[in-house]
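Residue numbers (the working numbering): -2 to 129.
Heads up, the thing below is written out as structure tokens.
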Amino acid sequence: MEQIKSEGADLVIIDPYILSGTDLNYTNTLINILKKAKAKKYTIITDQNNIYNTSKNNIQKDIQKEIPNIEIIFTKKIHDRFWICNRKTGFYVGTSLNGIGRKLTLINLLKESEITAIVSYLHDHSIINSGG
-2 MEQIKSEGAD
8 LVIIDPYILS
18 GTDLNYTNTL
28 INILKKAKAK
38 KYTIITDQNN
48 IYNTSKNNIQ
58 KDIQKEIPNI
68 EIIFTKKIHD
78 RFWICNRKTG
88 FYVGTSLNGI
98 GRKLTLINLL
108 KESEITAIVS
118 YLHDHSIINS
128 GG
């Protein structure tokens, strides 16, 4: 089985709903996944309109407190979900983190040409800079 090695990498997570969890279990699960990735830098690209904060759960603040080397970027320009390491390897996820295990979904490795196209799109639309 091929693995995406994120330890020490720059990890870009693109998911318009990744910060939409509404309970502390979801927040803790996401924080644990990010910590286990052991990335050098995390960039989450998401849609701010999909964050449902409650008085007991502010997922964005909780994540930024637990993962200090994280940058959260907001855009409405992307619908699909991708995890990309060092702009070289990555995978496509058919559902958001909170949907995994609830319905049939796929996780597929991305081809190098697909990663190049995604990173170029992010750069061309000023979502990320060219250096990382």
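The beta carbon of each residue, even a glycine, is placed where N, CA and C say it ideally should be.
Only a predicted model underlies this, so the values are computations on that prediction, with no experimental measurement involved.
**Prompt:** Between the C-alpha atoms of tyrosine 49 and leucine 16, what's the straight-line distance to the nearest angstrom?
**Reply:** 8 Å
**Item:** Distance between arginine 99 and methionine -2 (C-alpha atoms, nearest Å)
**Value:** Note that methionine -2 scores a pLDDT of 44, beneath 50, so its modelled location is shaky and nothing firm can be said.
**Asked** If glycine 91 sits next to leucine 103, beta carbons under 8 Å apart, how far is it from one beta carbon to the other, in whole angstroms?
**Response** Confirmed, Cβ separation roughly 4 Å.
**Message:** Can you list, in chain order, the residues of its chain with a C-beta nearer than 8 Å to that of phenylalanine 88? Leave out the 5 residues immediately preceding and following it.
**Reply:** Ile1, Phe79, Trp80, Ile104, Asn105, Leu106 and Leu107
**Asked** Where aspartate 121 and threonine 113 are concerned, what is the direct C-alpha to C-alpha distance, given to the nearest angstrom?
**Response** Rounded to the nearest angstrom, the gap between the Cα atoms of aspartate 121 and threonine 113 is 12 Å.
**Prompt:** Which of the three DSSP states, helix, strand or coil, is assigned to isoleucine 41?
**Reply:** strand
**Asked** What is the rounded straight-line gap between the Cα of leucine 101 and the Cα of proline 13?
**Response** 19 Å
**Request:** Please say whether isoleucine 42 and isoleucine 125 have beta carbons closer to each other than 9 Å?
**Result:** yes
**Asked** Under the three-state reduction of DSSP, which class applies to leucine 31: helix, strand or coil?
**Response** helix
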